[in-house]
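Worksheet: one structure, shown below.
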Amino acid sequence: MTKAILSGNEAIARGFLEAGGKVAAAYPGTPSTEVLEVLSQAKGIHAEWSTNEKVALEVAIGGSLSGVRSMACMKHVGVNVAADPLMTVAYTGVNAGLVLMVADDPGMFSSQNEQDTRHYARMAKVPCLEPVDSDEARSYVRAAFELSEAFDTPVILRTTTRISHCKSVVETAEPAAVKDKDLANDVPKYVMLPANAKKRHLVVEERLAKLRDHAETAAFNEIRPGKGDIGFIANGIAYQYVREAFPDAPVLKLGMTYPLPEKKLRAFAASVAKLAVVEELDGFVEEQLKALGLTVHFGKAAFPPCGELTARTIREGVGGTAVVCKLPVGGLIVRPPTFCPGCSHRGLYTIIAKLKLYVSGDIGCYTLGALPPFSSMHTCICMGASISGAHGMSRGLALKGVKQKPVAVIGDSTFLHSGITGLIDMVYNGGDALVVIMNNDTTGMTGGQEHAGTGRSASGAAAPKLDIGKLCQAIGAQRVREIDAYNLKELEQIMKEELAAPGTAVLISNQPCVLRYKVSKKPYHVDTTTCTGCKMCLKSGCIALSFVPGGKKGHVEVDALLCNGCSVCSQLCATKSMINT
Amino acid sequence: MKVFNILIAGVGGQGVLLTSKIIAEAALLQGLDVKQSEVHGMAQRGGSVLSQVRFGDKVFSPIVAEGEADLLIGFEPLETARYLHFLREDGTVIYNTRSIGTIGVSIGKETYPQDIHETIQKNAYAVHPFDATHVAVEVGEKRAVNLVLLGAAIRFLPLDPSVVDNAITNSVPKKLLELNRKAFQAGVGQASIR
Numbered sequence: 001m002t003k004a005i006l007s008g009n010e011a012i013a014r015g016f017l018e019a020g021g022k023v024a025a026a027y028p029g030t031p032s033t034e035v036l037e038v039l040s041q042a043k044g045i046h047a048e049w050s051t052n053e054k055v056a057l058e059v060a061i062g063g064s065l066s067g068v069r070s071m072a073c074m075k076h077v078g079v080n081v082a083a084d085p086l087m088t089v090a091y092t093g094v095n096a097g098l099v100l101m102v103a104d105d106p107g108m109f110s111s112q113n114e115q116d117t118r119h120y121a122r123m124a125k126v127p128c129l130e131p132v133d134s135d136e137a138r139s140y141v142r143a144a145f146e147l148s149e150a151f152d153t154p155v156i157l158r159t160t161t162r163i164s165h166c167k168s169v170v171e172t173a174e175p176a177a178v179k180d181k182d183l184a185n186d187v188p189k190y191v192m193l194p195a196n197a198k199k200r201h202l203v204v205e206e207r208l209a210k211l212r213d214h215a216e217t218a219a220f221n222e223i224r225p226g227k228g229d230i231g232f233i234a235n236g237i238a239y240q241y242v243r244e245a246f247p248d249a250p251v252l253k254l255g256m257t258y259p260l261p262e263k264k265l266r267a268f269a270a271s272v273a274k275l276a277v278v279e280e281l282d283g284f285v286e287e288q289l290k291a292l293g294l295t296v297h298f299g300k301a302a303f304p305p306c307g308e309l310t311a312r313t314i315r316e317g318v319g320g321t322a323v324v325c326k327l328p329v330g331g332l333i334v335r336p337p338t339f340c341p342g343c344s345h346r347g348l349y350t351i352i353a354k355l356k357l358y359v360s361g362d363i364g365c366y367t368l369g370a371l372p373p374f375s376s377m378h379t380c381i382c383m384g385a386s387i388s389g390a391h392g393m394s395r396g397l398a399l400k401g402v403k404q405k406p407v408a409v410i411g412d413s414t415f416l417h418s419g420i421t422g423l424i425d426m427v428y429n430g431g432d433a434l435v436v437i438m439n440n441d442t443t444g445m446t447g448g449q450e451h452a453g454t455g456r457s458a459s460g461a462a463a464p465k466l467d468i469g470k471l472c473q474a475i476g477a478q479r480v481r482e483i484d485a486y487n488l489k490e491l492e493q494i495m496k497e498e499l500a501a502p503g504t505a506v507l508i509s510n511q512p513c514v515l516r517y518k519v520s521k522k523p524y525h526v527d528t529t530t531c532t533g534c535k536m537c538l539k540s541g542c543i544a545l546s547f548v549p550g551g552k553k554g555h556v557e558v559d560a561l562l563c564n565g566c567s568v569c570s571q572l573c574a575t576k577s578m579i580n581t
Numbered sequence: 582m583k584v585f586n587i588l589i590a591g592v593g594g595q596g597v598l599l600t601s602k603i604i605a606e607a608a609l610l611q612g613l614d615v616k617q618s619e620v621h622g623m624a625q626r627g628g629s630v631l632s633q634v635r636f637g638d639k640v641f642s643p644i645v646a647e648g649e650a651d652l653l654i655g656f657e658p659l660e661t662a663r664y665l666h667f668l669r670e671d672g673t674v675i676y677n678t679r680s681i682g683t684i685g686v687s688i689g690k691e692t693y694p695q696d697i698h699e700t701i702q703k704n705a706y707a708v709h710p711f712d713a714t715h716v717a718v719e720v721g722e723k724r725a726v727n728l729v730l731l732g733a734a735i736r737f738l739p740l741d742p743s744v745v746d747n748a749i750t751n752s753v754p755k756k757l758l759e760l761n762r763k764a765f766q767a768g769v770g771q772a773s774i775r
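Heads up: the protein sequence lines correspond to chains A and B, in order. Once you know that position 464 of the first sequence is 464 in my numbering, the rest is easy, because the numbers rise by one and skip nothing. So my numbering is basically just the index in the second sequence, starting at one, shifted up by 581.
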């Protein structure tokens, strides 16, 4: 046994190996990504970046049916994509253990919503486990596989950003010797024709009743006696905040938040004067306590459903006094995320903003095109929605008699994830939109993961490389052209041509992510004798540039430590004052 | 040992996470309980980055609360000012005086606060500014500013310098070890009280 400091995600990967897991599949998504990144480098298992979360869960289901412990990993919104197999694998049950690891993002550090995955556990009627730190994250993986096999059910292992990305001390264990099972061969159990599914639904309800009984005695749910009037029920990171705020208070730690242990909850509630239920996001446990007829003195009214909780909000929520602190320094300018210096998205958005195009956006680094100075994204819903959304817009606009061609902007990984189906739909149903696929050869926003178009597998080994241009042609798109997002003049010309042409047009930029592939060219500097201070270059929205007032109209400076030499700003300069020779 | 709370603030890409990783690793090597928190994903694209390290006999929350930080290590003045209210009444701040503009500054819509150093002085008990970027460039690697700042902060950390050195060894790639050590040493003793 050795001690290490690991993030929750690293610990889950470690736990998977300790539990004898064999097949792991994931689609990258903050804050879940690192689990598969770690597993991709492990020997003797199959770990893959799947095309999307639905595929990842289906791969893991297949692994389970083959007879080896299997896990799919994703962020909360990924479960929406994977919900279809989830709801029915809940009926079939498993062969070898099956775990669905999901990372929620309270506070939306890198997400488009704050949905609470526990509702999926209830909807699918499968258990949900929630570790409180990295060491539990590690040990709960094995526990989840054991639970999965004991009750013949998929198990959701839910984390949040603070569990997945916080590091804490882990005591590692030796990998378990797990005996693989035979390939599943039981037609009534695994083929969900209505006649079979009707029988399986009965099994699901019986299983849930057994799981409720198990929850009463399972080690996941632990009462920690203490002093004081208020007894706390808490799960996940909220448990740590409760201990921080009230180290001596009685606490019922819920390591299994679905199904809940009714008797244990009643007994705990009866043992304290006042009950506080501390959970991030929705009042999932609170609602069920109220349904049991228990009084919750401090619930969602005290601990808000939006954003993260902290030890401070918990102290204040129960009417305690918080630590005295100063107010934040007022009036500070904000520092939003932005395109990296040298990013190919900058050239594209410089032209889109210039042409004042209406953009149906998607999920990735290029979503930042919605921010100033471009302000050139008008909708962004979910993975893949850019193309199908643009198609719907084009039909609606046509019916209104408006001549305007919407533009869909999507990245390579997102296109493969779920943009393809939208493009098929657009081409098939007579769409009239411009689709720009920004292929930078990686899944960028999540830190640079491989996908079917990069030519490498998750481990970095050579893999077949999907050709996005040929795929678009095979779908039936008549106009497919390659663009150079660093050549503004040509880019503008091509976009104008394609916007004028009727029907679906696809433009593909094939320039690598400068961060992932460490692309760096010679930095520019400004000839201050010719710079007129016109600020045209600033339209490129690059943090390497800054305007220096003074003199007649001031001038622009380039920070050589930040400049990547991409030349976009120099192409905007009318006086040729950007020099890199 | 009572829990010691550190905040490390900077701009995405400055190496904030490596500095917090080394401190956390050192605390572990010293036999302490430790938790470290950081944010990945969208926040890393040139945005404001905050990492937190807490160590002591027993640590519950991985998050440093407002008014509880013992030490704030700032990689950039504006990002330092943003988190001053997390400091204890008698907390210490050590920060890099080299500013990095925001996108609002770059596009000419906002101006970088000219009085940022005065603001920091006014809002903290013990303030230690120095040009860590200059020190890193002198060492020969502009990106080593994170190790320079760690070296400068070492005298405020209740950690044994030898375990910090071991933590550096465990945390950086072998071929960059000497450079990182050099940057760390160049930071030691920087920023005396003005």
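We put the beta carbon where it would ideally sit given N, CA and C, even for glycine. Computed from a prediction, not measured in an experiment: that's the story for all the values here.
- Under the 10 Å beta carbon count, R243(A) is surrounded by 16 or more other beta carbons and is classified as buried.
- Inclusion of N727(B) and Q595(B) in the CB contact set at 8 Å is warranted, their separation being smaller than that value.
- Looking at the DSSP output, G591(B) sits in a beta bridge with V630(B).
- Under the criterion of beta carbons closer than 8 Å, Y664(B) and L652(B) do not qualify as touching, at roughly 11 Å.
- By the Cβ neighbour-count rule, S111(A) is buried, with 16 or more other Cβ atoms within 10 Å of its own.
- The CB of Q702(B) never comes closer than 7 Å to any CB in chain A; the least such distance is about 12 Å.
- Within the DSSP bridge table, the entry for P710(B) names Y676(B) as partners.
- CA-CA distance, T160(A) to P643(B), rounds to 13 Å.
- Contact annotation: the stretch 66-80 of chain A touches the stretch 113-121 of chain A, with at least three C-beta pairs closer than 8 Å.
- Chain A places a beta carbon closer than 8 Å to that of A605(B), counting this residue as a contact.
- Under a criterion of Cβ atoms nearer than 7 Å, the residues of chain B adjacent to C340(A) are, in order, R626 and G627.
- Of the candidates G533(A), L193(A), L260(A) and E490(A), the residue whose Cα lies closest to the Cα of G550(A) is G533(A).
- Flagged as an interface residue toward chain A: E647(B), by a C-beta distance shorter than 8 Å.
- Per DSSP, the unbroken beta strand (DSSP E) holding S7(A) starts and ends at K3 to S7.
- Going by C-alpha positions, R479(A) is about 16 Å away from I420(A).
- Within the same chain, and ignoring the five residues on either side of L488(A) in sequence, the residues whose Cβ sits closer than 8 Å to its Cβ are G347, T350, I351, V568, Q571 and L572.
- For N9(A), the CB contacts under 6 Å within the same chain, skipping 5 residues up- and downstream, are E34, V35 and S164 in chain order.
- In the structure shown, E497(A) adopts helical secondary structure according to DSSP, grouped into three states.
- In this structure C306(A) is exposed. Its beta-carbon is surrounded by fewer than 16 other beta-carbon atoms within 10 angstroms.
- For a cut-off of 8 Å, the C-beta gap from S687(B) to L545(A) is around 5 Å, short enough to register as a contact.
- Within the stretch 356-378 of chain A, the residues whose Cβ lies closer than 7 Å to any Cβ of chain B are, in chain order, C365, L368, P372 and P373.
- At the C-beta level, V141(A) and L157(A) come within 8 Å of one another.
- Looking at the backbone, the Cα of G476(A) and that of V427(A) are separated by about 6 Å.
- Nearest in C-alpha terms to I424(A), of all of Q449(A), L147(A), S50(A) and S388(A), is S388(A).
- Just measuring C-alpha positions, the residue of A705(B), V615(B) and I735(B) sitting nearest V674(B) is A705(B).
- Annotation for A463(A): G455, R456 and S457 place their beta carbon closer than 7 Å to its own, counting only its chain and skipping 5 residues before and after.
- With its beta carbon less than 8 Å from one in chain A, D614(B) belongs to the interface.
- By the criterion of a C-beta distance shorter than 6 Å, V89(A) is surrounded in its chain by I61 and P154, once the five residues flanking it on both sides are discounted.
- With respect to the C-alpha of L65(A), the residue from K253(A), S540(A), P250(A) and K189(A) having the closest C-alpha is K189(A).
- Three or more beta-carbon pairs separated by less than 8 Å link the stretch 271-279 of chain A to the stretch 293-300 of chain A, which places the two stretches in contact.
- Around the CB of G411(A), 16 or more other CB atoms lie within 10 Å, so the residue is classed as buried.
- Boundaries of the alpha helix (DSSP H) harbouring Y428(A): I420 to Y428, taken from the DSSP string.
- In this structure V178(A) touches G20(A) by the C-beta definition: roughly 3 Å separates them, less than 8 Å.
- Assignment of beta-bridge partners to F151(A) by DSSP yields no partner.
- When C-alpha distances from R335(A) are compared across G732(B), I589(B), K755(B) and T683(B), the shortest belongs to T683(B).
- For E244(A), the C-beta contacts it makes with chain B under 7 Å involve F641 and S642, in order along the chain.
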